[in-house]
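One structure below.
Numbering (this note's numbering), first residue to last: 14 to 79.
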């Protein structure tokens, strides 16, 4: 019987994590297409994208050298 793996990333915005995970699979980020019922303001989208950037840096996405 397999045991589910749980990974915790401290100080992470769940919406930012959702966007980073979508980016991993699609190579695109659509901050206005979150699966939430609320509509985000420009300030909220900017703040969310800053959280996405911090999370991407934390998990080293986009740091590959060509």
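A virtual CB, placed ideally from N, CA and C, is assigned to each residue, including glycine.
Computed from a predicted structure; not experimentally measured.
- Task: Can you tell me which of the three DSSP states residue 22 falls into?
- Result: By one-based count along the chain shown, residue 22 stands at place 9. Coil, per DSSP.
- Item | Backbone secondary structure at residue 69 - three-state DSSP | Residue 69 sits at position 56 when you count from the first residue of the chain shown. Helix.
- Return helix, strand or coil for residue 63, following the three-state DSSP convention. Within the chain shown, the letter at position 50 stands for residue 63. The answer is helix: DSSP assigns residue 63 an H, G or I state.
- Query: For the alpha helix (DSSP H) that contains residue 53, what are its first and last residues?
  - Reply: Counting from 1 along the chain shown, the entry for residue 53 is found at position 40. Run containing residue 53: none; DSSP gives neither H nor E here.
- Query: Would residue 32 pass as a contact of residue 43 if the rule is Cβ separation under 9 Å?
  - Reply: Here residue 32 refers to the residue found at position 19 of the chain shown. Here residue 43 refers to the residue found at position 30 of the chain shown. Yes. Within cutoff.
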